[in-house]
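Residue numbers (UniProt numbering): 1 to 1006.
Ideal Cβ positions, reconstructed from N, Cα and C, are used throughout, including at glycine.
Small disclaimer: the values here were computed from a predicted structure and weren't measured.
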């Protein structure tokens, strides 16, 4: 028998595994040698084949030139020879008399199918009676294959569901799971996927596919003879989300829903969804809510078919939408509906935890958060390309804790290949896995369903009319003109920047500091030219004094600040509260503190005790974290692993510079004591350490007291804050807790940790809440976390136009800067890859990006910028902001690995402005954590005084307000860190002001 004919009998071979018996074996034989099983059934006749694929079965007229003594044997012989027309001519006449047995019906149906007569094939195979046992099951399976080939997936699904109802077998469940998974119908596939685990038949790939059902899974776990089923558009759209291509996923899913809407019930015209229907509409809602497109969300709510309510993703999307609009009680109900249907949905458990926390139900919130954390660990292990022995052994234990015992037992088999001791499952909680347990003990009926009328009225609050400004944005590099000549050195002179080690790839930072209190911003650059951890091997950090005539002069030696360690981050803060700003430097090895003597010189010392041999500090910040009026130092750390110093980032095809290869280092808090001593304190609750880069310290939420946000590379971000009771009652023993997950700024929209680098903060939507912009690795778009009135964050990078242009680059330093002084923050990002050799289309050197804020979001200004800096590829790293020439327009200092530092002077024709410098008296001297609100008529702006300021840098310590065409300022309100308040009225525009805590009047800065 040839290969094509052999494929026709594969269904009988498959169904032997459905519980084969003697009858099944005979049926297999019957298909191969039909004449032996139908002896005595001699039918004489002259036969001809059918001429078309009509829906009724014709009875062919007899032929006078052929005498058939045994039609079954003749048909069998023709079938083996591949003469399917002959098979048809012999067996088709028997249909009218009803004399064909099940094997003959099967053979005739195959013959029709081989001749592309699908309708006849289906009608024939449907004549096999239910009582025919294995033949009936084989007919269901074979006809499902034909329907899959014809892309009539709904009909194929119906037949495969009949199979699973009659035979609880791995074959049947696998076929149905493949059909559903490859259509992107992940919720519908849950039962069949889990049946594979229950039956002990799941492959490792299938086990991965059932860990998180909101993730895509292309099911290819069938034998070579199976009918090929290509994934549908909905399946590929899920893949696009997994690849951080939200725009493409939205376009694909929108097309699927448009086709599915043609019939008015969520299905296409021929009754087949082709991956559409309720599942597609539910997924579309999830994407629209993730992109924060409220207008389209409203349209989606109006267009959803009734079937969408059965989908967990519908409820998940609705829950997030309600949560983003501060409707937390119905949001809880939606999240409970979602997890009741899909208990692998980590994001719904996170949403549930957040809304419950806002509502004050901390016990249930902690329970939901625990579920989410377990699911995150499961998803992370499953997605690892090369799982460690420890991960293999952890997986079944995690699944058992989640009440998923069948999967846990299946993963035990996978873990058995581990070289470690055999793992055993913990006892299963009796309630684990039950519906009540999945809902964290919360009853559905206790939480209100969303009201449709209210849903239609929910929309984001507008911040007012956006000013229409078309002036060109001009930021020009003037460093050569003003004597600023600073070149970063990643290694000794002559180091090839194309062949860097991991510790050389991050660049170094810059601190903006008015060290001599003359009102002009000076610049302090970290240098890194030596060996890691050597305290005297680098060229030395450089301090540039800003002279009154408008140029810079190197004064490093005179000032005594030429630290020769391997420099990383820089910050500025008045640690000893004497009124003069001090310098702090993060290094590989011992960090340094330079206390300002007030006479133009500094006294050096180590920053804190107990330096570790493999210390790698990145960013630093100062500010009062305990409410005692004295500053703390927050130290962000990266890796604590001696192996990292040998990691080369220039090996083609290898990625030794992935931080996940090394042990992460915990961050640290250093406290300044009343006697001036600096001591390390365990003020951070024990959490999984991150690979820390960017940093912001200030009053980041709406509660009194300072918080700390840390952008972590490949691990969840941290948002450190004191518990509410400690913020109002300062305690030396108070421990800061990480609430990034609960606040919604720990991970990407769909729950994955990203490679976060730099941080910029600002009020990007003008709702008087502090927001974050975070840069990421290539193929991970920037995050734009906007804070709502409940203190929760939602990533709106896609909605505001940042995702597509940041997707292909690696962003590092970033700053929010109102370039035109129109009252809205623009964004600037420095780019450059980590690896010098990454293949075609991936750039090592890249151009910086300037995103202009407009009414519809941010737009990339690259093409319109004529200044050389914006068109010159470089290996960009740290970026800080200042007003170097005191003209009321914010400038930037950009620090690269391969080109000299650039001072970008803002020469834009800008609007009016006001800058405010703060000095604390009851609060610590730098007043970090102060919140300042400015009012001009109906316009309001809020600004925050922070430290850390992003990636390795410290900005100028003033608050800048762009106020556009406003001619006067009605009110300036300062909320000091101490809790005191100052209010000033009727101020002039275009002024530099000094505000001193407890003083009733503002002062003009010199």
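Residue 894 by DSSP, collapsed to three states: which one?
-> Locating residue 894 in the chain shown gives position 894, counting from the first residue. In this structure, residue 894 counts as strand in the three-state DSSP scheme.
Residue 531 and residue 489 closer than 9 Å at C-beta | Within the chain shown, the letter at position 531 stands for residue 531. Within the chain shown, the letter at position 489 stands for residue 489. For residue 531 and residue 489, no; Cβs fall outside 9 Å.
Just how far apart, CA to CA, sit residue 1002 and residue 240?
-> The count along the chain shown starts at 1 and reaches residue 1002 at position 1002. The count along the chain shown starts at 1 and reaches residue 240 at position 240. Spanning the two alpha carbons is a distance of roughly 54 Å.
Helix, strand or coil: how does DSSP classify residue 671 here?
-> Sequence index remark: in the chain shown, residue 671 carries index 671 (1-based). Residue state, collapsed to three classes: strand.
What residues in its chain sit with their C-beta under 6 Å from that of residue 181, if we drop five residues either side in the sequence?
-> Sequence index remark: in the chain shown, residue 181 carries index 181 (1-based). These residues qualify, in order along the chain: 189, 217 and 219.
Close beta carbons around residue 624, own chain, < 8 Å, minus the five adjacent residues each side | Residue numbering aside, residue 624 sits at position 624 when the chain shown is read from its first letter. Cβ within range, chain order: 630, 631, 632, 706, 923, 924, 928, 929 and 977.
Contact between the segment 347-367 and the segment 377-396 (3+ Cβ pairs under 8 Å) | no
Looking at C-alpha atoms only, which residue of 119, 85 and 310 is the closest neighbour of residue 339?
-> Locating residue 339 in the chain shown gives position 339, where the first residue counts as 1. Among 119, 85 and 310, the Cα nearest to that of residue 339 belongs to 310.
Roughly how many angstroms separate the alpha carbons of residue 770 and residue 409, rounded to a whole number?
-> Along the chain shown, read from residue 1 onward, the residue named residue 770 stands at position 770. Along the chain shown, read from residue 1 onward, the residue named residue 409 stands at position 409. If I take the Cα positions, the gap works out to 47 Å.
To which residues does DSSP link residue 846 through a beta bridge?
-> Within the chain shown, residue 846 is the residue found at index 846, counting from 1. Paired residue(s): 874.
Entirely enclosed alpha helix (DSSP H) segments - the segment 751-794, minimum 4 residues = none
Taking the alpha helix (DSSP H) that residue 617 falls in, what are its first and last residues?
-> Here residue 617 refers to the residue found at position 617 of the chain shown. Counting along the chain, residue 617 falls outside any alpha helix (DSSP H), though it belongs to the beta strand (DSSP E) covering 617-623.
Helix, strand or coil: which one does DSSP assign to residue 975?
-> Locating residue 975 in the chain shown gives position 975, counting from the first residue. In the structure shown, residue 975 sits in a strand (DSSP, three-state: E or B).
Residue range of the alpha helix (DSSP H) that residue 409 falls in?
-> Against the chain shown, residue 409 aligns to sequence position 409. Counting along the chain, the alpha helix (DSSP H) containing residue 409 begins and ends at 405-415.
Residue 1006 in three-state terms, based on DSSP = One-based indexing of the chain shown puts residue 1006 at position 1006. Coil.
Taking the Cβ atom as the reference point for each residue, do residue 953 and residue 569 lie within a distance shorter than 9 Å?
-> Taking the chain shown and counting its residues from 1, one reaches residue 953 at position 953. Taking the chain shown and counting its residues from 1, one reaches residue 569 at position 569. Yes, the pair counts as a contact, with Cβ atoms nearer than the cut-off.
Compute the beta-carbon to beta-carbon distance between residue 1076 and residue 312, rounded to the nearest angstrom, for a pair I have assumed lies under 8 Å.
-> Outside the displayed span of the chain (1 to 1006) sits residue 1076, for which this structure offers no information.
Cβ-based neighbour list, residue 448, same chain, cut-off 8 Å, excluding 5 preceding and 5 following | Position 448 of the chain shown, counting from 1, holds the residue named residue 448. So the list reads 329, 330 and 333, once near-sequence residues are dropped.
Using the rule of at least 16 other Cβ atoms within 10 Å of the residue's Cβ for burial, across every protein chain shown, is residue 689 buried or exposed?
-> Within the chain shown, residue 689 is the residue found at index 689, counting from 1. By the neighbour-count rule (16 or more Cβ atoms within 10 Å), residue 689 is buried.
N-terminal and C-terminal residue of the beta strand (DSSP E) that residue 606 is part of = The count along the chain shown starts at 1 and reaches residue 606 at position 606. Unbroken beta strand (DSSP E) run through residue 606: 602-606.
Which whole runs of the alpha helix (DSSP H) in the segment 554-586 are 4 residues long or more, in chain order?
-> 556-559
Is residue 720 helix, strand or coil when you go by DSSP?
-> What you label residue 720 is simply residue 720 of the chain shown in a count that begins at 1. Strand.
Where does residue 515 sit, in a helix, a strand or coil, going by DSSP?
-> The residue given as residue 515 occupies position 515 in the chain shown. If DSSP states are grouped into helix, strand and coil, residue 515 belongs with coil.
When you compare only the Cα positions, how much space is there between residue 964 and residue 599?
-> If you number the chain shown from 1, residue 964 lands on position 964. If you number the chain shown from 1, residue 599 lands on position 599. If I take the Cα positions, the gap works out to 40 Å.
Can you check DSSP and say which residues form a bridge with residue 960?
-> Residue mapping note: residue 960 aligns to position 960 of the chain shown, counting from 1. Bridge partners of residue 960: 915.
Delimiting residues of the beta strand (DSSP E) encompassing residue 324 | Counting from 1 along the chain shown, the entry for residue 324 is found at position 324. Premise fails: residue 324 lies in the alpha helix (DSSP H), 312-324, not in any beta strand (DSSP E).
Name the one or two DSSP bridge partners that residue 476 has.
-> To locate residue 476, count along the chain shown from 1; it is residue 476. In the DSSP output, where bridge partners are listed per residue, residue 476 has 905.
By how many angstroms is the C-alpha of residue 474 removed from the C-alpha of residue 938?
-> Within the chain shown, numbered from 1, the residue matching residue 938 stands at position 938. Within the chain shown, numbered from 1, the residue matching residue 474 stands at position 474. Residue 938 and residue 474: Cα-Cα distance of roughly 29 Å.
Can you list, in chain order, the residues of its chain whose CB lies under 7 Å from that of residue 435, leaving out five sequence neighbours each side?
-> Mapped onto the chain shown, residue 435 falls at position 435. Once the five neighbours on either side are set aside, the close Cβ partners of residue 435 are 340.
Any chance the segment 868-888 sits against the segment 502-510, with 3 or more Cβ pairs inside 8 Å?
-> yes
Would you kindly work out how many angstroms separate the C-alpha atoms of residue 418 and residue 197, rounded to a whole number?
-> Position 418 of the chain shown, counting from 1, holds the residue named residue 418. Position 197 of the chain shown, counting from 1, holds the residue named residue 197. Cα to Cα, residue 418 sits roughly 20 Å from residue 197.
Limits of the beta strand (DSSP E) - the one that residue 186 falls within = Counted from its first residue, the chain shown places residue 186 at position 186. Segment: none, residue 186 is in no beta strand (DSSP E) and carries neither H nor E.
Backbone CA spacing between residue 738 and residue 686 [nearest angstrom] = For the purposes of this step, residue 738 is identified with residue 738 of the chain shown, where counting begins at 1. For the purposes of this step, residue 686 is identified with residue 686 of the chain shown, where counting begins at 1. Taking the straight line joining both Cα atoms gives about 9 Å.
Could you tell me which residues DSSP pairs with residue 852 in its beta bridges?
-> Translated into positions along the chain shown, residue 852 becomes position 852. Per DSSP, 859.
Assigned secondary structure, residue 439 (DSSP; H/G/I helix, E/B strand, else coil) | The residue labelled residue 439 in the question sits at position 439 within the chain shown. Coil.
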